[in-house]
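**Q** Input: one structure, supplied below.
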Amino acid sequence: MKAILLTAALLFSFSVLTTAQSKSPKMSVEGSVEGVNIVIDYSAPSVREREIWGELVPYDKVWRTGANEATTVEFDKPVIIDGSELPAGKYALFTIPSMDKWTIIFNSDPNQWGAYKYDPSLDVLRLETGIQPADHQEQMEISLKDNHLNIQWEKSLVSLTLAAKG
2 MKAILLTAAL LFSFSVLTTA QSKSPKMSVE GSVEGVNIVI DYSAPSVRER
52 EIWGELVPYD KVWRTGANEA TTVEFDKPVI IDGSELPAGK YALFTIPSMD
102 KWTIIFNSDP NQWGAYKYDP SLDVLRLETG IQPADHQEQM EISLKDNHLN
152 IQWEKSLVSL TLAAKG
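Using the working numbering, read the sequence shown as starting at 2 and increasing by one per residue.
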């Protein structure tokens, strides 16, 4: 009888653990801009009453742009991002947040955990963009809206203009 109860307790514990919500769930965004198909995969952290910019995400340091694995962005055709050309391919999306702007980095090694082994020699495109104030966004969201790739979290929004090459 003890063995049956122990087995039942272990099975219950395992089922609770496997169904528990991740603190930073995996998200996927798919869309199309001017005929360019785009897939974005990321893990979405939440604010949870923490100071985000300059604390949890330090200023002027490479960030994985989410949680867990590096965020990836895949384009099936060449694309123009804020006026700069990026070839078709799958990229790790890194960012360097600062107080008044972000550096956006498309890196050719999409298979990375976080930014711990980030290699700047593999950067394919780097660009700078401003930060827009936004309503509070509890869970980080990356979206494709109106020819823009948007990253919104806490009270900040970064938006990149996308266009097909040619």
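Even glycine gets a Cβ: it sits at the ideal position worked out from N, Cα and C.
Just to confirm my understanding: we take residue 32, look at its own chain, exclude 5 residues before and 5 after, and list those with CB closer than 7 Å. What are they?
**A** The residues are 39, 145.
**Q** Measuring alpha carbon to alpha carbon, tell me which residue in 155, 160, 128 is nearest residue 50.
**A** When only C-alpha atoms are compared, the closest one is 155.
**Q** Residue 143 to residue 56, Cα distance in whole Å?
**A** Spanning the two alpha carbons is a distance of roughly 21 Å.
**Q** Going straight from the alpha carbon of residue 78 to that of residue 35, what length do you get?
**A** C-alpha separation (whole angstroms): 10 Å.
**Q** Output the boundary residues of the beta strand (DSSP E) element that contains residue 146.
**A** Element bounds for residue 146: 133–146.
**Q** Where DSSP assigns a beta bridge to residue 127, which residues make up the other side?
**A** Answer is 106.
**Q** Using only CA atoms, which one of 130, 91, 106, 80 lies nearest to residue 74?
**A** Looking at the Cα atoms, 91 is the closest of the given residues.
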